[in-house]
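Participant:
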Amino acid sequence: MTSIDSVISFIKEQYKTEAFIPLHVPHFGGNEKKYLLETIDSTFVSSVGPYVDQFEIMMQKITQTQKAVAVVNGTAAIQVALRLLGVKSGDEVLTQALTFVATANAIAYQNATPVFLDVDLDTMGLSPKAVSLFLEEFGELREDGCYNKKTGNKISACLPMHTFGFPVHLDELLAICNTWKIALIEDAAESLGSEYKGKPTGCFGKLSAFSFNGNKIVTCGGGGAIVSNDLKLGEKGKYLTTTAKIPHPYEYVHDEMGYNFRMPNLNAALACAQLEQLYSFLENKRKLAKEYESFFATSGVKFRTETPETKANYWLMCVELENKIERDLFLETTNKNNVMTRPIWQLMYRLPMYNHCYRDQQVNAEFLEERIVNIPSSVR
Ligand SMILES: *Cc1c(COP(=O)(O)O)cnc(C)c1O
Numbered sequence: 000m001t002s003i004d005s006v007i008s009f010i011k012e013q014y015k016t017e018a019f020i021p022l023h024v025p026h027f028g029g030n031e032k033k034y035l036l037e038t039i040d041s042t043f044v045s046s047v048g049p050y051v052d053q054f055e056i057m058m059q060k061i062t063q064t065q066k067a068v069a070v071v072n073g074t075a076a077i078q079v080a081l082r083l084l085g086v087k088s089g090d091e092v093l094t095q096a097l098t099f100v101a102t103a104n105a106i107a108y109q110n111a112t113p114v115f116l117d118v119d120l121d122t123m124g125l126s127p128k129a130v131s132l133f134l135e136e137f138g139e140l141r142e143d144g145c146y147n148k149k150t151g152n153k154i155s156a157c158l159p160m161h162t163f164g165f166p167v168h169l170d171e172l173l174a175i176c177n178t179w180k181i182a183l184i185e186d187a188a189e190s191l192g193s194e195y196k197g198k199p200t201g202c203f204g205k206l207s208a209f210s211f212n213g214n215k216i217v218t219c220g221g222g223g224a225i226v227s228n229d230l231k232l233g234e235k236g237k238y239l240t241t242t243a244k245i246p247h248p249y250e251y252v253h254d255e256m257g258y259n260f261r262m263p264n265l266n267a268a269l270a271c272a273q274l275e276q277l278y279s280f281l282e283n284k285r286k287l288a289k290e291y292e293s294f295f296a297t298s299g300v301k302f303r304t305e306t307p308e309t310k311a312n313y314w315l316m317c318v319e320l321e322n323k324i325e326r327d328l329f330l331e332t333t334n335k336n337n338v339m340t341r342p343i344w345q346l347m348y349r350l351p352m353y354n355h356c357y358r359d360q361q362v363n364a365e366f367l368e369e370r371i372v373n374i375p376s377s378v379r
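At position 54 of the sequence shown the residue is numbered 53 (numbering that gives the first Met the number 0), and the sequence of numbers has no breaks.
#1: Name the residue from Lys237, Gly236 and Ala188 whose alpha carbon lies nearest to the alpha carbon of Gly213.
#2: Please classify Tyr278 as buried or exposed, where buried requires at least 16 neighbouring CB atoms within 10 angstroms.
#3: Whole angstroms are fine: how far does the CA of Pro248 sit from the CA of Trp344?
#4: With Glu365 and Leu346 assumed to form a contact (beta carbons below 8 Å), what rounded beta-carbon distance in angstroms separates them?
#5: Per the contact definition of three or more C-beta pairs closer than 8 Å, is the region 228 to 241 in contact with the region 17 to 24?
#6: If you follow the alpha helix (DSSP H) that Met58 is in, where does it begin and where does it stop?
#7: Go to Gln273, then tell me how far its alpha helix (DSSP H) extends in each direction, as first and last residue.
#8: Classify His253 as buried or exposed, calling it buried when 16 or more other Cβ atoms lie within 10 Å of its own Cβ.
#9: Assign Arg82 to one of two classes, buried (16 or more other C-beta atoms within 10 Å of its C-beta) or exposed (fewer than that).
#10: Return the first residue and the last residue of the alpha helix (DSSP H) that Asp4 is part of.
#11: Are there any heavy atoms of ligand 1 lying less than 6 Å away from the beta-carbon of Glu365, as far as the coordinates show?
#12: Pick out the complete alpha helix (DSSP H) segments inside the region 82 to 111, 4 residues or longer, and give them in chain order.
#13: Ignore the nearest five residues each way along the sequence and tell me which others in Cys157's own chain have a CB closer than 6 Å to its CB.
#14: Do you know how far the Cα of Asp90 is from the Cα of Val318?
#15: Compare the beta carbon distance of Glu185 and Ser155 with 7 Å and say whether it is the shorter of the two.
#16: Whose C-beta lies closer than 6 Å to the C-beta of Pro166 among residues of the same chain, with five residues either side of it excluded?
#17: Just to confirm the assignment, what range does the beta strand (DSSP E) spanning Asn147 have?
#18: Let me make sure I understand the geometry here. Which of Ile106, Gln95 and Glu12 has the alpha-carbon closest to that of Met123?
#19: Which residue marks the beginning of the beta strand (DSSP E) containing Glu290, and which one marks its end?
#20: So Asn373 is in the beta strand (DSSP E); what residue range does that whole segment cover?
#21: So the candidates are Gly151, Thr304, Thr178 and Gly299; which of them puts its Cα closest to the Cα of Glu292?
#22: Hey, out of Leu125, Gly138 and Asn334, whose CA is closest to Thr162's CA?
#23: Less than 6 Å separating the Cβ of Asn312 from some heavy atom of ligand 1?
#24: Is it right to say Val300 is buried, meaning 16 or more other beta carbons lie within 10 angstroms of its own, or is it exposed?
#25: So Ser210 is in the beta strand (DSSP E); what residue range does that whole segment cover?
#26: Would you say Thr62 and Val226 are within 7 Å of each other, going by their C-beta atoms?
#27: So the beta strand (DSSP E) Ile184 belongs to, where does it begin and stop?
#28: Can you give me the Cβ contacts of Ile39 inside the same chain, cut-off strictly under 8 Å, excluding the 5 residues immediately before and after it?
#29: Evaluate the contact criterion for the region 98 to 107 versus the region 30 to 49: three or more CB pairs, one atom per stretch, below 8 Å.
#30: Note the first and the last residue of the continuous alpha helix (DSSP H) segment covering Val24.
#31: Classify Arg349 as helix, strand or coil using the three-state DSSP reduction.
#32: Return yes when at least one heavy atom of ligand 1 lies under 6 Å from the C-beta of Ser380, else no.
#33: With a cut-off of 8 Å, do at least 3 Cβ pairs link the region 3 to 15 to the region 352 to 360?
#34: Roughly how many whole angstroms lie between the Cα atoms of Glu368 and Glu139?
#35: Mind checking which residues open and close the alpha helix (DSSP H) that includes Lys128?
#36: Taking the alpha helix (DSSP H) that Gly197 belongs to, which residues open and close that run?
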């Protein structure tokens, strides 16, 4: 087994520094300053402007979707996607407990209830088998969709998350959702640039959500996007996130309770400059992943790689330790030595606001929770 010390020196060599190595920092190597200054000079710093439009077009191309809507952050993108699909108070939304808290929060903002189902060991994302087992036990198909026959609530959406950029088993999940008339939304916040069977994540769900927070692969300070291949739904998304305003030359006409979830043009300028570099970031990160893969191959530590027929964006890279004791030792030693590492999230049902929610046997999620650690993954 490779010693933790050799892991530490390997990571320091990769980043060519003895100073603190963070998990993931932004890389501004393109037109960021130019576009930002241009935006300030134009005075169009707020919620409308050419960069907002350009950002939406770029996102449509990257995700191969008909409509992209720039929004204020990834959490808002998920919330609005749920609302667009009619998720309402009392509904149930199938998702994974092994996720960042925003996934569950977005469901709760709609006054809906998350149902936590297990993940697969290979993808670390929502397990088709777990969804299928749950629906066979509790699902009841009615005229207007799927209901939970035990609670009587409507099961109105399924929200898988592509953990750290590793795509979930989309075909299997889509087939199950189709059978049970449940809409699938991808929480693609972590998977910009990842591919499933040759197509980008985000183009499979009825709607999908992306994040451009400071720690993501591409950042604009804070920001998000909703994408869809359903043009009507996408346009409705734009309208809802821009205060549900009916176009009028001078009157304020709002015919629904909308949101001010717009991405300012200032942030969109940064987002455009960053998106221009997405493919070079992906290449750069893939190289680092290869280095890690061969380094860890001869150690007792398992470096997590992409699954067959997928391409991961390697947003946050991670290793799987033997057990919790080994994990804790790894975390402590690396962090003490200027190399930032972090355990995967606590499962959602451990958090006080979600501990009353239904969950299945979380065998895989609990296995991963004790073993997965993120390691430095920034573009070099
Ligand atoms: C980052 C993230 C979000 C939320 O994005 P914000 O832009 O921070 O609101 C949602 N889901 C997952 C899985 C994330 O990692």
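For glycine and all other residues, C-beta sits at the position ideal for the given N, C-alpha and C. Keep in mind it's a predicted model, so treat the numbers as computed, not measured.
Facilitator: Reading from the atomic positions:
#1: Position 214 of the sequence shown, counting from 1, holds the residue named residue 213. If we check each option's Cα against that of Gly213, Ala188 comes out closest.
#2: Indexing the sequence shown from 1 puts residue 278 at position 279. So Tyr278 ends up on the exposed side.
#3: The residue you call residue 344 lines up with position 345 of the sequence shown. The residue you call residue 248 lines up with position 249 of the sequence shown. Spanning the two alpha carbons is a distance of roughly 48 Å.
#4: Translated into the one-based positions of the sequence shown, residue 365 becomes position 366. Translated into the one-based positions of the sequence shown, residue 346 becomes position 347. Glu365 to Leu346, Cβ: 7 Å. Contact.
#5: By the criterion of at least three beta-carbon pairs nearer than 8 Å, the region 17 to 24 is not in contact with the region 228 to 241.
#6: Position 59 of the sequence shown, counted from the start, is the residue given in the question as residue 58. That run of the alpha helix (DSSP H) goes Pro49 to Thr62.
#7: For this step, residue 273 is matched to residue 274 along the sequence shown. Per DSSP, Gln273 belongs to the alpha helix (DSSP H) from Asn264 to Leu274.
#8: Numbered from its first residue, the sequence shown carries residue 253 at position 254. Exposed is the call here.
#9: Here residue 82 refers to the residue found at position 83 of the sequence shown. Flag for Arg82 reads buried.
#10: Taking the first residue of the sequence shown as 1, we reach residue 4 at position 5. Going by DSSP, Asp4 is part of the alpha helix (DSSP H) stretching over Ile3 to Gln13.
#11: Counting from one through the sequence shown, the residue named residue 365 turns up at place 366. Glu365 Cβ: outside cutoff for every heavy atom of ligand 1.
#12: 100 to 108
#13: Reading the sequence shown from its first residue, position 158 is the one you call residue 157. The residues Leu93, Cys176, Ile181 and Leu183, in chain order, have a CB closer than 6 Å to that of Cys157 in the same chain once the five nearest residues on each side in sequence are set aside.
#14: Your numbering for residue 318 matches position 319 in the sequence shown. Your numbering for residue 90 matches position 91 in the sequence shown. Distance between the alpha carbons of Val318 and Asp90: 36 Å.
#15: One-based indexing of the sequence shown puts residue 185 at position 186. One-based indexing of the sequence shown puts residue 155 at position 156. It is not a contact, given that the beta carbons lie outside the stated cut-off.
#16: Numbered from its first residue, the sequence shown carries residue 166 at position 167. Here the set comprises Ser193, Tyr195, Thr200 and Thr309.
#17: Locating residue 147 in the sequence shown gives position 148, counting from the first residue. Taken as a continuous stretch (DSSP letters only), the beta strand (DSSP E) holding Asn147 covers Gly144 to Asn147.
#18: In the sequence shown, residue 123 corresponds to position 124, counting from 1. Nearest C-alpha to Met123: Gln95.
#19: Here residue 290 is taken as the residue at index 291 of the sequence shown, counted from 1. It is not in any beta strand (DSSP E) - Glu290 instead sits in the alpha helix (DSSP H) that spans Leu277 to Ala296.
#20: The sequence position of residue 373 within the sequence shown is 374, counting from 1. First-last of the beta strand (DSSP E) with Asn373: Ile371 to Ile374.
#21: For the purposes of this step, residue 292 is identified with residue 293 of the sequence shown, where counting begins at 1. When only C-alpha atoms are compared, the closest one is Thr304.
#22: Translated into positions along the sequence shown, residue 162 becomes position 163. Nearest of Leu125, Gly138 and Asn334 to Thr162, Cα basis: Leu125.
#23: Taking the first residue of the sequence shown as 1, we reach residue 312 at position 313. No - ligand 1 has no heavy atom lying nearer than 6 Å to the Cβ of Asn312.
#24: Position 301 of the sequence shown, counting from 1, holds the residue named residue 300. Per the 10 Å Cβ criterion, buried.
#25: Stepping through the sequence shown from its first residue, residue 210 is reached at position 211. Segment Leu206 to Ser210, the beta strand (DSSP E) holding Ser210.
#26: Here the question's residue 62 lines up with position 63 in the sequence shown. Here the question's residue 226 lines up with position 227 in the sequence shown. Yes, these two residues count as a Cβ contact at 7 Å.
#27: Residue numbering aside, residue 184 sits at position 185 when the sequence shown is read from its first letter. Unbroken beta strand (DSSP E) run through Ile184: Ala182 to Asp186.
#28: What you label residue 39 is simply residue 40 of the sequence shown in a count that begins at 1. Excluding sequence neighbours, Ile39 sits near Leu265.
#29: no
#30: Locating residue 24 in the sequence shown gives position 25, counting from the first residue. Segment: none, Val24 is in no alpha helix (DSSP H) and carries neither H nor E.
#31: Here residue 349 is taken as the residue at index 350 of the sequence shown, counted from 1. Helix, per DSSP.
#32: What the structure shows of the chain is the stretch from 0 to 379, and residue 380 is not part of that stretch, so it cannot be assessed.
#33: No contact exists between the region 3 to 15 and the region 352 to 360.
#34: Stepping through the sequence shown from its first residue, residue 368 is reached at position 369. Stepping through the sequence shown from its first residue, residue 139 is reached at position 140. Taking the straight line from one Cα to the other gives about 32 Å.
#35: As a position in the sequence shown, residue 128 is number 129, starting the count at 1. Membership of Lys128 in the alpha helix (DSSP H) is indicated by the continuous run Pro127 to Phe137.
#36: As a first step, residue 197 is located in the sequence shown; it is residue number 198 there, counting from the start. Neither: Gly197 is in no alpha helix (DSSP H) and is coded neither H nor E.
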